[in-house]
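Chemist: Residue numbers (our numbering), protein chains in the order written: chain A, 27 to 140; chain S, 16 to 128. Quick reminder that beta carbons are idealized off the backbone N, C-alpha and C, glycines included. Bear in mind the structure is a predicted one, so any value in this text is a computation, not a measurement. Here you go, one structure.
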């Protein structure tokens, strides 16, 4: 399968713990996006990368959230000191460079904070 | 401010009937517009996009969308709905210069047998 891959698919954690999600984009895609989706809502933009550079970060992302994309390949999204309000589906998408390219989404990583 | 609106939370249509899912947008500059679909327990999938040119855009699974610049609308349509079309649909403007894709709350389509 050469699509966007996300791991783990589901993570259950206790409040205060740290969690990390990984996204492997389609190999030739140089843009990578993270979104968060809660029940009944559309995906909310969190951050995006062009190659290894993080070009924008939403104000939704508190200091407890950090994302990296070393070497412009896979990306990780870490949430420190999780809170119950962090429970959501975290979506990763990638696209080719250029303007208005199609976004290819992974199936998401669902976080449940107890 | 850049925004998108899907005025209907849910659309119900009988199988075989035509369907329309409405979308209006507010973006500066030339609009680049997408439709995505989210099936239960599956990732978001691309349906179609408008960049420039013909106002009627054809996409996957028999869907099409009509771009109307004066009304700032980009409604999704299908001539004959299938039960398998039941899903959550998102109209998504792309904000050039920021490379951001803006999702609204979506419209749930329910096709009744």
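For the candidate residues A:65, A:33, A:82, A:49, whose alpha-carbon lies nearest to that of residue 110 (chain S)?
Modeler: Comparing Cα positions, the closest option is A:82.
Chemist: Output, in chain order, the set of chain A residues within a Cβ distance shorter than 8 Å of residue 59 (chain S).
Modeler: Correct list: 69, 117, 119, 129, 131.
Chemist: What's the call for residue 22 (chain S), buried or exposed, on a 16-neighbour Cβ count within 10 Å?
Modeler: Exposed, because fewer than 16 other Cβ atoms sit within 10 Å of the Cβ of residue 22 (chain S).
Chemist: What residues from the stretch 76 to 107 of chain A come within 8 Å of chain S, judged by C-beta to C-beta, listed N to C?
Modeler: Here the close residues are 76, 81, 82.
Chemist: Ordered along the chain, which non-local residues of its own chain (more than five positions away) have a Cβ less than 6 Å from that of residue 104 (chain A)?
Modeler: 46, 92.
Chemist: CA-CA distance, residue 37 (chain A) and residue 24 (chain S)?
Modeler: Near 29 Å, if we compare the C-alpha coordinates of residue 24 (chain S) and residue 37 (chain A).
Chemist: Is residue 136 (chain A) close to chain S? Criterion is C-beta to C-beta, closer than 8 Å.
Modeler: Not one chain S Cβ lies under 8 Å of residue 136 (chain A).
Chemist: Are the Cβ atoms of residue 33 (chain S) and residue 92 (chain S) separated by less than 8 Å?
Modeler: The answer is yes: Cβ separation under 8 Å.
Chemist: Can you say whether residue 79 (chain A) is buried or exposed, counting buried as having 16 or more other CB atoms within 10 angstroms of its CB?
Modeler: Exposed.
Chemist: With distance defined between alpha-carbon atoms, name the residue in S:97, S:83, S:90 nearest to residue 76 (chain S).
Modeler: Cα-wise, what sits closest to residue 76 (chain S) is S:97.
Chemist: Shorter than 8 Å from the beta carbon of residue 48 (chain A) to some beta carbon of chain S?
Modeler: Residue 48 (chain A) does not count as touching chain S.
Chemist: Name, in chain order, the residues that DSSP records as bridge partners for residue 50 (chain A).
Modeler: In the DSSP output, where bridge partners are listed per residue, residue 50 (chain A) has A:31.
Chemist: Using 8 Å as the limit for Cβ to Cβ distance, is residue 82 (chain S) near chain A?
Modeler: Not an interface residue.
Chemist: Taking 8 Å as the CB-CB limit, is residue 105 (chain S) close to chain A?
Modeler: Judged by the 8 Å Cβ criterion, residue 105 (chain S) is in contact with chain A.
Chemist: Using a 10 Å radius around the Cβ and a threshold of 16 neighbouring Cβ atoms, would you call residue 64 (chain S) buried or exposed?
Modeler: So residue 64 (chain S) counts as buried.
Chemist: For a test of the three-state rule: what should DSSP assign to residue 96 (chain A), helix, strand or coil?
Modeler: Of the three classes helix, strand and coil, the one that applies to residue 96 (chain A) here is helix, per DSSP.
Chemist: Does residue 76 (chain S) come out as helix, strand or coil in the three-state DSSP assignment?
Modeler: DSSP places residue 76 (chain S) in helix when its eight states are reduced to three.
Chemist: Rounded to a whole number of angstroms, what is the C-alpha to C-alpha distance between residue 90 (chain S) and residue 42 (chain A)?
Modeler: Whole-angstrom Cα-Cα distance: 44 Å.
Chemist: Throw me the rounded Cβ distance for the residue 17 (chain S) and residue 108 (chain S) pair, which I believe falls under 8 Å.
Modeler: Yes, residue 17 (chain S) and residue 108 (chain S) are in contact; Cβ-Cβ is about 7 Å, under 8 Å.
Chemist: Sorted by chain position, which residues of the same chain lie with C-beta nearer than 8 Å to residue 76 (chain A)'s C-beta, five sequence neighbours on each side aside?
Modeler: These residues qualify, in order along the chain: 56, 57, 123.
Chemist: Any idea which residues DSSP pairs residue 105 (chain A) with across the strands?
Modeler: Beta-bridge pairing links residue 105 (chain A) to A:45, A:91.
Chemist: Taking all protein chains shown into account, decide if residue 113 (chain S) is buried (16 or more other Cβ within 10 angstroms of its Cβ) or exposed.
Modeler: It is exposed - the Cβ of residue 113 (chain S) has fewer than 16 other Cβ atoms within 10 Å.
Chemist: Could you list which residues in chain S have their beta carbon closer than 8 Å to that of residue 35 (chain A), in chain order?
Modeler: Correct list: empty, because the minimum Cβ distance to chain S is about 10 Å.
Chemist: Between which two residues does the beta strand (DSSP E) containing residue 27 (chain S) stretch?
Modeler: Start and end: 25 to 29.
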